[in-house]
Amino acid sequence: MKEFLARKNIVISAKRYGIDALGAMAQGLFCSLLIGTILNTIGTQFHIGFLTVHILKINDIGYTIGGLCSFMSGSAMAVAIGYALQAPPMVLFSLVTVGYACNVLGGAGGPLAVLFVAIIAAEFGKAVSKETKVDILVTPIVTILIGVGAAWVIAPPIGKVASAFGDLINQATILQPFWMGILVSVLVGVALTLPISSAAICSVLSLVGLAGGAAVAGCCAQMVGFAVMSFRENRWGGLVSQGIGTSMLQMPNIVKNPRIWIPPTLASAITGPIATCIFKLEMNGAAINSGMGTCGLCGQIGVWTGWLAPSEAAVQKVGAVAITPGAMDWIGLILISFVLPAVLSVIFCKVLRKIGWIKEGDLTLPQ
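As structure tokens, then:
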């Protein structure tokens, strides 16, 4: 069996499924649901006819370009997961059907259901790939039947559990904005820097509203914090690659000296409750934005789209409504996203440098 699994490149491990597949799923979600949301918002706010016209109808429902992107999010996630698992072409293409079916059956918890089901379908497809003379029939049939069958059985309960847990976090944050602001901000921020996908986690749990706002605060604290406090070592290239890219670049340095993680994490513990208690910052755009931070400014774009046109999840879960943002909304977003993470992280970093916990070169990015 070990020889067979090795020959088929089936690696059953936490890294393959919990890091590679999860990270790829977030990319698939980004290229479908998130991009679709952004296109719809841009089209609506700037009155761009090409982006607001219904280019086709499915079951009497009109879809814009952005709407079609969101419509295909399940397929995009499944194919991305298959790609991360190094599935052969016939398996990869078959996952289009599996992902769409699973996302629909999973409801609000569709992304989590897609993660499990796409892994199952891809691995079974890889197992039978090129094992028969009629591979062109066997591989897609096995992949699709196993995938859709698994989706039919496990997607609805997975979706319900994920949705319920997300609802619990959202409601707890509303009831206890201070403590949950700290908890959500710190945990999601740490997840963003770890080699896992905070964006996928937020999407799976549908973190919107105040909980989504706390998640944004935590992610921004990590990205902006590391970018600014390591400026002396990494200069402008490091500022951009971490501040607009990802703080995950610091993981090799964190392994060498975990104390460098203290400043941005402390900053997130402060900005989280400030976001929830003072500025009432809510993420009512697509939930995936809650885990993006300043990566491509997706967190800020998500908050903006949530102000103007709340996502379906935000409307259902926290009763979000469209608003016209005022001065305090913009001030809060700027302070939470950029100013406070930068100032707090630098202050904490200076203290740790002074007592010798962080030394010169500890924050230098690997070349």
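Under my numbering, the first residue of the sequence shown carries the number 164, and numbering increases by one thereafter.
Glycine included, C-beta positions come from ideal geometry on N, C-alpha and C.
Taking the CA atoms as reference points, alanine 362 sits about 7 Å from serine 453. The criterion of a C-beta distance shorter than 8 Å is not satisfied by cysteine 512 and threonine 457.
Judged by beta-carbon spacing, proline 303 lies beyond the 8 Å limit of glycine 269, meaning their Cβ atoms are not closer than that value.
Distance from the Cα of cysteine 440 is smallest, within the candidate group Ala449, Ala450 and Trp342, for Trp342. Around the Cβ of tryptophan 399, a 10 Å sphere holds fewer than 16 other Cβ atoms; the residue is exposed. Going by C-alpha positions, valine 305 is about 12 Å away from threonine 260. Using a Cβ distance threshold of 8 Å, serine 474 and threonine 200 count as a contacting pair. The stretch 167-182 makes no contact with the stretch 218-234: fewer than 3 CB pairs, one atom from each, lie closer than 8 Å. Between the alpha carbons of glycine 181 and proline 421 lies a distance of about 22 Å. Restricted to the stretch 319-390, the alpha helix (DSSP H) segments that are unbroken, complete and at least 4 residues in length are 340-356 and 361-368, listed in chain order. By the criterion of a C-beta distance shorter than 7 Å, threonine 207 is surrounded in its chain by Thr215 and Ala472, once the five residues flanking it on both sides are discounted. Distances from the alpha-carbon of threonine 428 to those of Leu308, Val387 and Gly401 put Val387 closest. Listed in chain order, the non-local C-beta contacts of proline 488 below 6 Å within the same chain comprise Trp470, local neighbours out to five positions each way being set aside.
Ranked by Cα distance from serine 176, the first of Glu286, Glu445, Ile417 and Pro251 is Glu286. For the pair isoleucine 228 and leucine 202, the CB atoms are nearer than the 8 Å cut-off.
Between the stretch 389-408 and the stretch 365-374, the count of C-beta pairs closer than 8 Å stays below three; the two stretches do not touch.
Excluding sequence positions up to five before and after asparagine 416, its CB lies within less than 7 Å of the CB of Ile423, Asp525 and Leu526, all in the same chain and listed in chain order. Comparing alpha carbon positions, the residue from Pro504, Ser257 and Leu357 closest to valine 418 is Leu357.
Membership of glycine 448 in any beta strand (DSSP E) is not indicated, and neither H nor E is assigned to it by DSSP.
In the three-state scheme derived from DSSP, where H, G and I count as helix and E and B as strand, lysine 220 is classed as strand. Each residue's CA atom was taken as its position, placing tyrosine 246 and methionine 240 some 10 Å apart. In the three-state scheme derived from DSSP, where H, G and I count as helix and E and B as strand, glycine 489 is classed as coil. By the criterion of a C-beta distance shorter than 8 Å, valine 351 is surrounded in its chain by Ser361, Ile364, Cys365, Leu370, Ala377, Ala378, Gly381, Cys382, Ser453 and Gly454, once the five residues flanking it on both sides are discounted. For phenylalanine 287, the enclosing alpha helix (DSSP H) starts and ends at 273-291. For methionine 411, there is no enclosing alpha helix (DSSP H), since its DSSP letter is neither H nor E.
Within the same chain, and ignoring the five residues on either side of glycine 459 in sequence, the residues whose Cβ sits closer than 7 Å to its Cβ are Ile407.
Beta-bridge analysis with DSSP links tyrosine 226 to Leu219.
For lysine 165, the uninterrupted alpha helix (DSSP H) segment begins and ends at 165-170. Here isoleucine 211 carries a coil assignment [DSSP, helix/strand/coil]. It is roughly 25 Å from the alpha-carbon of leucine 197 to the alpha-carbon of isoleucine 337. For tyrosine 180, there is no enclosing alpha helix (DSSP H), as DSSP marks it with neither H nor E. Annotation: the continuous alpha helix (DSSP H) that includes methionine 253 extends over 252-269. Residue state for serine 176 is assigned as coil, using DSSP reduced to three classes. For threonine 468, the enclosing alpha helix (DSSP H) has its first and last residue at 461-471.
Residue environment: leucine 255 is assigned as buried (16 or more neighbouring CB atoms within 10 Å of its CB, all protein chains considered).
Residue state for tryptophan 520 is assigned as coil, using DSSP reduced to three classes.
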